[in-house]
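Chains as they are written, first to last, in the numbering used here: chain A, 102 to 367; chain B, 3 to 299.
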Amino acid sequence: MGSARLYAAVAAGGFRRYATYRMATAAGIFTNTVFGVILVYTYLALWDERPHLGGYDQAQAVTYVWLGQCLYSTLAIQGGGAEKDLMERIRTGEIAVDLYRPADLQLWWLASDLGRALFQVLGRGVVPFAFGALFFPTALPSDVTVWAAFSVTLVLAMVVSFAIRYLLALSVFWIMDGMGVSQFLMVTGIFFSGMTFPLNAFPEPFGDIALVLPWAAQIQMPADVLMGETSPLTAYAFQALWAVVLLTAGRLLQSAATRRVVVQGG
Amino acid sequence: MAETLGTSPGPEGFRTSPGPEGFRPVEGSRLVEGLRTYRLIAGMWVRSSMTYRTSFAVTVLGNLLVTGLDFATILLMFSQVDTLGGWSLPEIALLYGLSATAFGIADLLLGSMDVLGGRIRDGSFDTLLVRPAPVLAQVGADRFALRRLGRITQAVAVLGYALAAVDVDWTVAKVLLVPVMVISGAAIFCALFVAGAAFQFVAQDAAEVQNAFTYGGTTLLQYPPTVFGRDLVRAVTFLVPLAFVNWVPASYVLGRPYPLELPQWTAFAPPLVAAGYCALAGLAWRAGLRSYRSTGS
């Protein structure tokens, strides 16, 4: 019970840390909204040419765009969440302090990143999404249970997103410089999560491949649950499977790292 | 580390030459001084990034891949359709090549100006003010990142493909317009970066707002104007003159109707638009700099 309170406090800390910069949040809302408008017009032109591309109608394609803008910083699609701090702490050696704490390293960072994600979805995500729903034709469900199912996929998406970034960030224990890892996260995150283009509209066979990769758990799954294109249980199973696989891999790599690697000193 | 390198470029970097005009340099020598300052600071950052050559090569490649995703998206779209907004792939590749090359040059030259807000917040901006060198040149060259050549490389490759693939009856005017578009476009994006930096004097934490205009601008211009709503096209023609980076002059090259039925001569206006916009951005920068109050910490 005590440890649950500890991680809740860490998550609250992550939330508050990002909530502090109100001007930056407002700037982010503005930028996400502008990008949403640009993308929506290109999608409308595309779906005009090819109605029902990827099984979506125009309103669904528009909804997909705004959900993407809503989740862009929430799921740290291009990186920049807890893994950025973690890589920096490994590089500087401050990770030694984290390892000293009477808390689990992975859970600590997961809690912190979930706190961040929760703030981002409320602080940065809701407004662009509401803007999109207000000014463009969207396909939003009126059924409360669909929204509830969507919230569950959102939490699972946050966990998978963290698991991917945590696993890769640990490689800095060996390679010391996080620049390449960050770029890898950015390229794969933007492309394979379907940020720029829905995975189900990819040409075959790339679409089928992209849809089974862990990044598909991030935007595609929540979007399909929200718009009733996938049954919630299928989405949960897919997301939970990847979460378990990646978190386990992260845990194994973490124990290898902390056992063998000499902490950077200075 | 990198941060300390940025704040102490070494004594020999900024020794001002007394010169015949003494301590009251005329406007022309201010420009020379600024360019010299820029060259010295940028050179320092290049040397610093070259210390780890493998890391540098990897980050250039990474930059190329990340920025190339925009064109990958266009290719994905064209795997499903033959035209978008009535434009073919080579035509859109031309828009993309022009927009991304112009933006890539501006991004290489001034793309790190969004760190200004951070410098104002932590007080290190004061250090730049006491140096006997133009502040704009110092801020512009701050954290100069040669890895941004990655974006220019992929953009030039797409531009090359587009120029070879588009169906155009090339005339002297059309051929000359291509480099004019790239240079004017780069100047327009540079003006946006400077205006964005000036805005950070007002709102330090709002550096991301400028991304909507810079990154958002280059993304917008990668697609034909026929795709967007008329009000949006009006806004990026008359409010923020992005349409002059490629939409208007490229319509002339491709023999397409101009956005908003603009008159024919506007295809040759980009250098004028760029000059006017740079002047406005310069005024905004001066106003911002004058309003600066140190955090005092």
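Where is the CB? At the ideal position from N, CA and C, for every residue including glycine.
As the structure is a prediction and not an experimental result, all values here were calculated from the model.
C-beta contact flag for Val160 (chain B) and Tyr98 (chain B) at 8 Å: Numbered from its first residue, the second sequence carries residue 160 (chain B) at position 158. Numbered from its first residue, the second sequence carries residue 98 (chain B) at position 96. Yes.
Selection from B:Phe58, B:Ala143, B:Val83 and B:Met79 that minimises the alpha carbon distance to Gly45 (chain B): In the second sequence, residue 45 (chain B) corresponds to position 43, counting from 1. The candidate whose alpha carbon is nearest that of Gly45 (chain B) is B:Ala143.
Cα-Cα separation between Ser252 (chain A) and Trp287 (chain B), rounded to whole angstroms: Translated into the one-based positions of the first sequence, residue 252 (chain A) becomes position 151. Translated into the one-based positions of the second sequence, residue 287 (chain B) becomes position 285. Cα to Cα, Ser252 (chain A) sits roughly 45 Å from Trp287 (chain B).
Extent of the continuous alpha helix (DSSP H) to which Glu184 (chain A) belongs: Indexing the first sequence from 1 puts residue 184 (chain A) at position 83. Counting along the chain, the alpha helix (DSSP H) containing Glu184 (chain A) begins and ends at Ala183 to Thr193.
Neighbourhood of Pro272 (chain B) by C-beta, 8 Å cutoff - its chain only, sequence neighbours within 5 removed: Here the question's residue 272 (chain B) lines up with position 270 in the second sequence. Here the set comprises Val182, Met183, Ser186, Gly187, Ile190, Phe246, Val247, Val250 and Pro251.
Alpha carbon of Asn213 (chain B) to alpha carbon of Gly103 (chain A), nearest angstrom: The residue you call residue 213 (chain B) lines up with position 211 of the second sequence. The residue you call residue 103 (chain A) lines up with position 2 of the first sequence. Asn213 (chain B) and Gly103 (chain A): Cα-Cα distance of roughly 43 Å.
7 Å Cβ shell around Ala197 (chain B) - same chain, five flanking residues per side excluded: The residue labelled residue 197 (chain B) in the question sits at position 195 within the second sequence. The answer, listed in chain order, is Ala283 and Ala286.
Cβ shell of Ile196 (chain A) (< 6 Å), same chain only, five flanking positions each side left out: Here residue 196 (chain A) is taken as the residue at index 95 of the first sequence, counted from 1. Hits under 6 Å: Arg190.
Beta carbon proximity, Ala205 (chain B) to chain D, threshold 8 Å: Although the question refers to chain D, the structure presented lacks it and instead comprises the protein chains A and B.
8 Å Cβ cutoff, Arg295 (chain B) in contact with chain A: Walking along the second sequence from the start, residue 295 (chain B) turns up at place 293. With 8 Å as the cut-off, Arg295 (chain B) does not count as an interface residue toward chain A.
Chain B contact for Val135 (chain A) (CB, 8 Å cutoff): For the purposes of this step, residue 135 (chain A) is identified with residue 34 of the first sequence, where counting begins at 1. Yes, Val135 (chain A) lies at the interface with chain B (some Cβ there is under 8 Å from its Cβ).
Reduced DSSP category for Thr85 (chain B) - H, G, I as helix; E, B as strand; rest coil: As a working mapping, residue 85 (chain B) is identified with position 83 in the second sequence. Of the three classes helix, strand and coil, the one that applies to Thr85 (chain B) here is strand, per DSSP.
Anticipated Cβ contact below 8 Å, Gly87 (chain B) with Ala120 (chain A), distance rounded: To locate residue 87 (chain B), count along the second sequence from 1; it is residue 85. To locate residue 120 (chain A), count along the first sequence from 1; it is residue 19. Not a contact, Cβ separation roughly 40 Å.
8 Å CB neighbourhood of Phe116 (chain A) in its chain, flanking five on each side removed: The residue labelled residue 116 (chain A) in the question sits at position 15 within the first sequence. These residues qualify, in order along the chain: Gly216, Arg217, Leu219 and Phe220.
Contacting residues, own chain, Cβ-Cβ under 7 Å from Phe339 (chain A) (five flanking each side not counted): Counted from its first residue, the first sequence places residue 339 (chain A) at position 238. Counting only Cβ-Cβ distances below 7 Å, and skipping sequence neighbours, we find Ala318 and Met322.
Min CB distance Ser186 (chain B) to chain A below 8 Å: Position 184 of the second sequence, counting from 1, holds the residue named residue 186 (chain B). By this cut-off, Ser186 (chain B) is not an interface position.
Residues of its chain near Leu118 (chain B), where Cβ-Cβ distance is below 6 Å and the 5 sequence neighbours each way are ignored: Within the second sequence, numbered from 1, the residue matching residue 118 (chain B) stands at position 116. For Leu118 (chain B), where only same-chain residues beyond five positions count, the Cβ hits under 6 Å are Val141, Ala199 and Gln202.
Top-ranked residue by Cα proximity to Ala166 (chain B), from B:Ser81, B:Glu93 and B:Asp233: The count along the second sequence starts at 1 and reaches residue 166 (chain B) at position 164. Comparing Cα positions, the closest option is B:Glu93.
Cβ of Met259 (chain A) within 8 Å of any chain B Cβ: The residue you call residue 259 (chain A) lines up with position 158 of the first sequence. False, the Cβ-Cβ gap to chain B never drops below 8 Å.
Paired residues, beta bridge with Ser90 (chain B) - DSSP: Within the second sequence, the letter at position 88 stands for residue 90 (chain B). B:Thr85.
Residues from the stretch 283-310 of chain A in contact with chain B, defined by Cβ distance under 8 Å: Gln284, Phe285, Met287, Val288, Ile291, Phe292, Thr297, Phe298, Ala302, Phe303 and Pro304
Reduced DSSP secondary structure (H/G/I, E/B, other) of Tyr294 (chain B): Against the second sequence, residue 294 (chain B) aligns to sequence position 292. Looking at Tyr294 (chain B) - three-state DSSP - the assignment turns out to be coil, as it is neither helix nor strand.
Whole-angstrom distance between Pro333 (chain A) and Thr132 (chain A), CA atom to CA atom: Walking along the first sequence from the start, residue 132 (chain A) turns up at place 31. Walking along the first sequence from the start, residue 333 (chain A) turns up at place 232. One C-alpha to the other measures close to 31 Å.
Where the stretch 147-171 of chain A meets chain B: residues whose CB sits under 9 Å from a CB there: Leu147, Asp149, Glu150, Arg151, Leu154 and Gly155
Amino acids of chain B, ordered along the chain, whose beta-carbon sits closer than 7 Å to that of Ile139 (chain A): By 1-based counting over the first sequence, the position of residue 139 (chain A) is 38. What Ile139 (chain A) touches in chain B: Gly218, Thr221 and Leu222.
Gly8 (chain B) to Thr129 (chain B) span [Cα, whole Å]: As a position in the second sequence, residue 8 (chain B) is number 6, starting the count at 1. As a position in the second sequence, residue 129 (chain B) is number 127, starting the count at 1. Residue confidence is low: Gly8 (chain B) scores 39 on pLDDT, short of 50, so the model does not pin down where it sits. Its coordinate-derived value is still stated next. Cα to Cα, the separation comes out at about 10 Å.
Nearest-angstrom Cα separation, counted from Leu312 (chain A) out to Ser293 (chain B): Translated into positions along the second sequence, residue 293 (chain B) becomes position 291. Translated into positions along the first sequence, residue 312 (chain A) becomes position 211. If you take the alpha carbons of Ser293 (chain B) and Leu312 (chain A), they lie about 52 Å apart.
For Trp89 (chain B) and Gly180 (chain A), the rounded distance between their alpha carbons: Along the first sequence, one-based indexing puts residue 180 (chain A) at 79. Along the second sequence, one-based indexing puts residue 89 (chain B) at 87. Taking the straight line from one Cα to the other gives about 34 Å.
Closer than 8 Å to chain A by CB, Gly198 (chain B): Numbered from its first residue, the second sequence carries residue 198 (chain B) at position 196. Output row for Gly198 (chain B): interface = no.
Boundaries (first-last residue) of the alpha helix (DSSP H) holding Gln170 (chain A): Reading the first sequence from its first residue, position 69 is the one you call residue 170 (chain A). Segment Gln159 to Leu172, the alpha helix (DSSP H) holding Gln170 (chain A).
Nearest neighbour of Gly169 (chain A), chosen from A:Arg225, A:Trp148 and A:Ala112 [CA to CA]: As a working note, residue 169 (chain A) is residue 68 in the first sequence. Out of A:Arg225, A:Trp148 and A:Ala112, A:Arg225 has the C-alpha closest to the C-alpha of Gly169 (chain A).
From A:Val282, A:Phe263 and A:Pro152, residue whose alpha carbon lies closest to that of Ser272 (chain A): Taking the first residue of the first sequence as position 1, residue 272 (chain A) is located at position 171. Minimum Cα distance to Ser272 (chain A) is reached at A:Val282.
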